[in-house]
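Going by UniProt numbering, 89 is the number at position 89 of the sequence shown; the sequence numbering is gapless.
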Amino acid sequence: MNDEKRKAMNLLKTARGQIDGIIKMIEDDRYCVDISTQILSAIALLKKANINILDQHLKHCVSEAILEGEHEGEEKINEIINIIDKYIK
1 MNDEKRKAMN LLKTARGQID GIIKMIEDDR YCVDISTQIL SAIALLKKAN
51 INILDQHLKH CVSEAILEGE HEGEEKINEI INIIDKYIK
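And the structure:
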């Protein structure tokens with residue numbers, strides 16, 4: 001596992017901890033704005049982890065597919081375009 005994937009994994013583990021904390025906040029009937037703030041923090045971590053994973057995909061999988069041939073590269077590029085489309089909606 002490379003450093004970037006390790007960073008993404010650590011971000012996901014941190015987000016998981018935050019989500020557990022958010023669940024506890026709801027169970028404890030904490031202030032809604034505080035809960036919402038923590039949800040936004042967890043979302044930010046998930047987005048950052050996703051960017052790290054996509055960065056690695058572009059640098060490794062997509063670049064290798066492009067070098068292997070036109071069809072493979074085009075397929076990988078279309079996958080990334082689909083992800084970006086979902087990301088911006």
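For every residue, glycine included, the Cβ atom is placed at its ideal position computed from N, Cα and C. Note that the structure is predicted; figures quoted are calculated from it, not measured.
To the nearest angstrom, how far is it from the Cα of residue i to the Cα of residue j?
i	j	result
D28	K47	27 Å
L40	M9	19 Å
K59	R16	27 Å
I83	E74	14 Å
E79	L67	17 Å
K89	G69	31 Å
Got a sec? Which residues, its chain only, sit under 7 Å from residue i by beta carbon, not counting five neighbours each side?
i	result
E4	N52, D55 and Q56
Does DSSP classify residue i as helix, strand or coil?
i	result
N2	coil
R31	The identity of residue 31 in the sequence shown is Tyr, whereas the question assumes Arg. Residue state, collapsed to three classes: coil.
G21	helix
G69	coil
K48	helix
K76	helix
K89	coil
Between the options, which has its C-alpha nearest residue i's C-alpha?
i	options	result
V62	H71, N50, I77 and G69	I77
R6	I26, Q18, N50 and H71	N50
Y87	E72, A65 and A44	A44
Starting from residue i and walking both ways along the alpha helix (DSSP H), at which residues does that stretch end?
i	result
L58	No alpha helix (DSSP H) holds L58; DSSP gives it neither H nor E.
Can you list, in chain order, the residues of its chain whose CB lies under 6 Å from that of residue i, leaving out five sequence neighbours each side?
i	result
A65	E72, G73 and K76
Any beta-carbon of chain D closer than 8 Å to the one on residue i?
i	result
K7	Reference to chain D is not applicable here, since this structure consists of a single protein chain.
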